[in-house]
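Notes to accompany the following structure.
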Amino acid sequence: MSEQALPKTHNLRIDGARLWSTILETAAFGATPAGGLNRLTLSPEDGQVRDWFRAACEAAGLEVRVDALGTQYALRRGRDMSLPPVACGSHLDTQPTGGRFDGVLGVLAGLEAMRSLNDAGIETEAPLLLVNWTNEEGSRFAPAMMASAAYAGEFTTDEILAKRDAAGITVAEALDAIGYRGDEPVGSQKIGAFVELHIEQGPILEAEGRTIGVVEGGQGIAWFDGSVTGFESHAGTTPMPRRRDALLGLCEIALAAERIALAHGPSAVATIGESVIGAPSRNVVPGRVAFSLDVRDPKSGTLDAVEAELRAALGEIGTRRRLDIDLTRIWRKEPVPFDPGLVAAVESAAESLGLSRRRMVSGAGHDACNLAAKVPAAMIFVPCKDGVSHNESESATQADCAAGADVLLHTLLTLARG
Ligand code: GLV
Ligand code: MN
Ligand code: MN
Ligand code: MN
């Protein structure tokens, strides 16, 4: 392209130092002593960061709306308000022992993009929209990414409002408790395209020394609730062969899940992330154990095969150990391909910025995967230290966050004709 043919925004860059300082500023809401975040969805801390976000958006001249599931939409007007907004964003909730970047980066980079456009006095043809989706993480209310799924029509608003956390509190009650049950019907906010910046949450970019992941899609996810029921008995008097120990059943289930996932490797993964002994006591043989299971793979057929093999293994373990084992699938998200045109727009933004990059599939679930069912969607990844995420030590560099935000800015400019 000749110098003259370059758009006037060609040299525009976000302010990396300002982005970094907002990441540090919002990390005060739900900060843990170990340097991470505990900002479960719809908790008081989530309410605090939402209030901060609304004020920051309004200070940047954006119009903020909240839908019936608490999702926040911040609109930056364009020249042609009849065009659907080009949207970006992610989530501000975290895991109970989460880090400072998962989700946060995508929202704050969107805010930084808006601030940079304001500073440069740039108006886009289409309006821009910045979104904070409610409950991406799924650790308090299952399933994960529930608000974006409702936006895309996968669940009704009432179905989501009725979901309960472990304490029996519904989503509706939790929204009311922090004042975030908004007026806008879910799905009423128009979106023309959705781009989400996120840390990779895996080790590939860092290992290859690349800055940008151009994400082509997300892998499939299946979530299960399980229980093992045996018989509670005296730890001192029940001979080993007579026991019906539910915990030992779960141990075998965990090892079977590992063996089956490995057999479908390297892509398939299976995780038992929660397990609770019913009525735990050090001198009682466990009679009941509840657990969760998370299975993922980029291929739908592999999710089917892993589930079928696991159910066969559960049958065998239950019979041999005289245990009742139940496994209920509570959620399944099919693998999602992103929009090829939007993926190409992300790639050319990275190219025009001279950033090293590679195409990849997301191992984690993201709101963009739900949006893809309704509008063109794509994602931008940046590296995180040692590939670690869902951990308080999660870390990313200021330079990589800024590079990702620049790719986001230039993708938005291409799509919204800035
Ligand atoms: C949520 O962060 C997930 O990807 O499971
Ligand atoms: Mn996330
Ligand atoms: Mn997460
Ligand atoms: Mn996720």
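Under the UniProt record's numbering, the first residue of the sequence shown carries the number 1, and numbering increases by one thereafter. Just so it is clear, CB atoms sit at the ideal spot from N, CA and C, and this is done for glycine as well.
* To do: With a threshold of 7 Å, establish whether the CB of Gly89 neighbours any heavy atom of ligand 6.
  => As far as ligands go, the structure on display features ligand 1, ligand 2, ligand 3 and ligand 4 and does not contain ligand 6.
* Would you list, in sequence order, the uninterrupted beta strand (DSSP E) runs of no fewer than 3 residues that lie entirely inside the region 246-305? => 269-271, 275-277, 288-297
* To do: Could you tell me which of Leu205, Leu128, Arg181 sits nearest to Phe194, measuring between CA atoms?
  => Locating residue 194 in the sequence shown gives position 194, where the first residue counts as 1. With distances taken between Cα atoms, Phe194 lies closest to Leu128.
* Asked: In chain order, what residues have a CB nearer than 5 Å to some heavy atom of ligand 2?
  -> Asp102, Gly103
* Asked: Does the pairing of the region 194-210 with the region 251-264 give three or more beta-carbon distances under 8 Å?
  -> no
* **Simplified DSSP state of Glu3, which is helix, strand or coil** => As a position in the sequence shown, residue 3 is number 3, starting the count at 1. Residue confidence is low: Glu3 scores 49 on pLDDT, short of 50, so the model does not pin down where it sits. Its coordinate-derived value is still stated next. Three-state result, Glu3: helix.
* To do: For Met1, collect the residues of the same chain with a Cβ closer than 8 Å to its Cβ; drop the 5 residues on either side in sequence, then sort them by chain order.
  => As a first step, residue 1 must be located in the sequence shown, where it is residue number 1. With a pLDDT of 44 at Met1, under the threshold of 50, the modelled position of that residue is not reliable, and the figure given next carries that caveat. If we look at Met1 and ignore the five residues flanking it on each side, it has no Cβ neighbours.
* Consult DSSP for Tyr73 and reduce its assignment to one of helix, strand or coil. => Sequence index remark: in the sequence shown, residue 73 carries index 73 (1-based). Looking at Tyr73 - three-state DSSP - the assignment turns out to be strand.
* the region 93-105 contacting the region 206-214, beta-carbon criterion three pairs below 8 Å -> no
* To do: State the Cα-Cα distance for the pair Leu303 and Leu24, rounded to the nearest angstrom.
  => Looking up residue 303 in the sequence shown gives position 303. Looking up residue 24 in the sequence shown gives position 24. Straight-line Cα distance between these residues: approximately 38 Å.
* Can you give the Cα-Cα distance for Ala109 and Ile325, rounded to whole angstroms? -> Start at 1 with the first residue of the sequence shown, and residue 109 comes out as number 109. Start at 1 with the first residue of the sequence shown, and residue 325 comes out as number 325. Answer to the nearest angstrom: the Cα atoms are 46 Å apart.
* Could you give the uninterrupted runs of the alpha helix (DSSP H) lying entirely in the region 87-168, keeping only those of 4 residues or more? -> 104-120, 146-151, 157-161
* With DSSP run on the structure shown, which of helix, strand or coil describes Lys374? -> Taking the first residue of the sequence shown as 1, we reach residue 374 at position 374. The answer is coil: DSSP assigns Lys374 none of H, G, I, E or B.
* Asked: Does ligand 1 have a heavy atom nearer than 7 Å to the CB of Glu136?
  -> Here residue 136 is taken as the residue at index 136 of the sequence shown, counted from 1. Yes, Cβ of Glu136 sits closer than 7 Å to a heavy atom of ligand 1.
* **Separation of Leu314 from Arg65, as counted between CA atoms** => As a first step, residue 65 is located in the sequence shown; it is residue number 65 there, counting from the start. As a first step, residue 314 is located in the sequence shown; it is residue number 314 there, counting from the start. Each residue's alpha carbon lies about 47 Å from the other.
* **Residues near Thr411 in its chain [Cβ-Cβ closer than 6 Å; skip 5 each side]** => Numbered from its first residue, the sequence shown carries residue 411 at position 411. These residues qualify, in order along the chain: Val195, Ala345, Val346, Ala349.
* ligand 4 heavy atoms versus the CB of Gly365: any closer than 7 Å? -> For the purposes of this step, residue 365 is identified with residue 365 of the sequence shown, where counting begins at 1. True, at least one ligand heavy atom lies under 7 Å from that Cβ.
* Asked: Within the present structure, is the beta-carbon of Ala144 separated from the nearest heavy atom of ligand 1 by less than 7 Å?
  -> Taking the sequence shown and counting its residues from 1, one reaches residue 144 at position 144. Flag set: Cβ of Ala144 near ligand 1.
* Asked: Using the rule of at least 16 other Cβ atoms within 10 Å of the residue's Cβ for burial, across every protein chain shown, is Glu316 buried or exposed?
  -> Within the sequence shown, the letter at position 316 stands for residue 316. Classification of Glu316: exposed, given that the 10 Å Cβ count is below 16.
* Asked: Assuming Thr271 and Ala246 make a contact with CB atoms under 8 Å, what is their CB distance in whole Å?
  -> Residue numbering aside, residue 271 sits at position 271 when the sequence shown is read from its first letter. Residue numbering aside, residue 246 sits at position 246 when the sequence shown is read from its first letter. That pair is no contact at about 20 Å.
* Asked: Do Val276 and Ala290 have their CB atoms nearer than 8 Å?
  -> Within the sequence shown, the letter at position 276 stands for residue 276. Within the sequence shown, the letter at position 290 stands for residue 290. Contact flag set, yes.
* Three-way DSSP call (helix, strand, coil) for Met240 in this model -> Your numbering for residue 240 matches position 240 in the sequence shown. DSSP places Met240 in helix when its eight states are reduced to three.
* Asked: Is it buried or exposed for Met81, if we count other Cβ within 10 angstroms and need 16 for buried?
  -> Taking the sequence shown and counting its residues from 1, one reaches residue 81 at position 81. Under this definition Met81 is an exposed residue.
* 8 Å contact criterion, which Leu62 and Arg39 should meet: CB distance rounded -> Taking the sequence shown and counting its residues from 1, the one referred to as residue 62 is at position 62. Taking the sequence shown and counting its residues from 1, the one referred to as residue 39 is at position 39. Not confirmed; about 22 Å, so no contact.
* Asked: Which residues in the same chain as Glu3 place their Cβ atom closer than 8 Å to its Cβ, once the five residues preceding and following it in sequence are excluded?
  -> On the sequence shown, residue 3 is found 3 positions in, with the first residue counted as 1. For Glu3, the pLDDT reaches just 49, beneath the cut-off of 50, and the residue's location in the model is therefore unreliable, although a value from the coordinates is still provided. Once the five neighbours on either side are set aside, Glu3 has no close Cβ partner at all.
* At a cut of 8 Å, does the region 141-156 reach the region 363-379 through at least three beta carbon pairs? -> yes
* **Nonlocal neighbours in the same chain, by C-beta distance under 6 Å from Gly78, ignoring five residues either side** => Within the sequence shown, residue 78 is the residue found at index 78, counting from 1. For Gly78, where only same-chain residues beyond five positions count, the Cβ hits under 6 Å are Thr124, Glu125, Ala126, Pro127.
* **Minimum C-alpha distance to His366 - residue among Ala147, Pro286, Ala68, Gly47** => Taking the first residue of the sequence shown as position 1, residue 366 is located at position 366. Residue Ala147 is the option with its Cα nearest to His366.
* May I ask you to list the residues that DSSP assigns as paired with Pro337? => In the sequence shown, residue 337 corresponds to position 337, counting from 1. According to DSSP, which records beta bridges pairwise, Pro337 is partnered with Gly217.
* In whole angstroms, what is the alpha-carbon distance linking Gly16 and Asp176? -> Counted from its first residue, the sequence shown places residue 16 at position 16. Counted from its first residue, the sequence shown places residue 176 at position 176. So the alpha carbons of these two residues sit roughly 36 Å apart.
* Counting pairs of beta carbons, one from the region 399-407 and one from the region 217-228, are three or more of them closer than 8 Å? -> no
* With C-beta atoms as the reference, is Thr41 less than 8 Å away from Asp93? -> Here residue 41 refers to the residue found at position 41 of the sequence shown. Here residue 93 refers to the residue found at position 93 of the sequence shown. Yes, the Cβ-Cβ distance between Thr41 and Asp93 is below 8 Å.
* Alpha carbon to alpha carbon, how far is Ala172 from Ser139? -> Along the sequence shown, read from residue 1 onward, the residue named residue 172 stands at position 172. Along the sequence shown, read from residue 1 onward, the residue named residue 139 stands at position 139. So the alpha carbons of these two residues sit roughly 17 Å apart.
* Asked: Apart from the five residues just before and just after Val186, which ones in its own chain have a Cβ nearer than 7 Å to its Cβ?
  -> As a position in the sequence shown, residue 186 is number 186, starting the count at 1. Result list for Val186: Asp67, Ala68, Leu69, Ala150, Tyr151, Thr157, in chain order.
* To do: Using alpha carbons as the reference points, say which of Gly47, Pro44, Ala74, Asp46 lies closest to Cys57.
  => Sequence index remark: in the sequence shown, residue 57 carries index 57 (1-based). Comparing Cα-Cα distances from Cys57 to each of Gly47, Pro44, Ala74, Asp46, the minimum goes to Ala74.
* With hydrogens ignored, establish whether the beta-carbon of Thr95 is closer than 7 Å to any heavy atom of ligand 3. => Taking the sequence shown and counting its residues from 1, one reaches residue 95 at position 95. Note that residue 95 corresponds to Gln in the displayed sequence, not to Thr. For ligand 3, at least one heavy atom lies less than 7 Å from the Cβ of Gln95.
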